[in-house]
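Residue numbers (UniProt numbering): 1 to 75.
For every residue, glycine included, the Cβ atom is placed at its ideal position computed from N, Cα and C.
The structure appears below as structure tokens.
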Amino acid sequence: MPQIDSHSQITLQLNGVEQIVRANLNLAELLILCDLPTQSVAIVVNDSVVPRSRWMHAVCQADDNITVFSAVAGG
1 MPQIDSHSQI TLQLNGVEQI VRANLNLAEL LILCDLPTQS VAIVVNDSVV
51 PRSRWMHAVC QADDNITVFS AVAGG
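So, in structure tokens, the structure goes:
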């Protein structure tokens, strides 16, 4: 992960692992930064599913608990 100025960073949980990321990072950017897939996944932030249409607008906040799930079809 790239170096981040300590004055513009936040700590959050991503898939159960503490991460330090830059402030004002949106969910789409977070996936790319952490080398996670951007297709066929669902994102849950603090127990709420965030629709893909909101990923560019949903800004990560300090202490967020973010889980990225692989979407699996089936029944």
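| Check | Outcome |
| --- | --- |
| Residue 110 - partner residues in DSSP beta bridges | The question about residue 110 has no answer here: the residues shown for the chain are numbered 1 through 75. |
| Host beta strand (DSSP E) of Ser48 (start-end) | Ser48 to Val50 |
| Rounded Cβ spacing between Ile10 and Val21 (contact assumed at less than 8 Å) | 6 Å |
| Buried or exposed by the 16-neighbour rule on C-beta atoms within 10 Å, applied to Asp63 | exposed |
| Spatial neighbours of Met56 in its chain, beta-carbon cut-off 7 Å, leaving aside the 5 residues before and after | Asn26 and Ala28 |
| Beta-carbon proximity check, Val50 vs Ala71, cutoff 8 Å | no |
| Leu36 and Val59 closer than 8 Å at C-beta | no |
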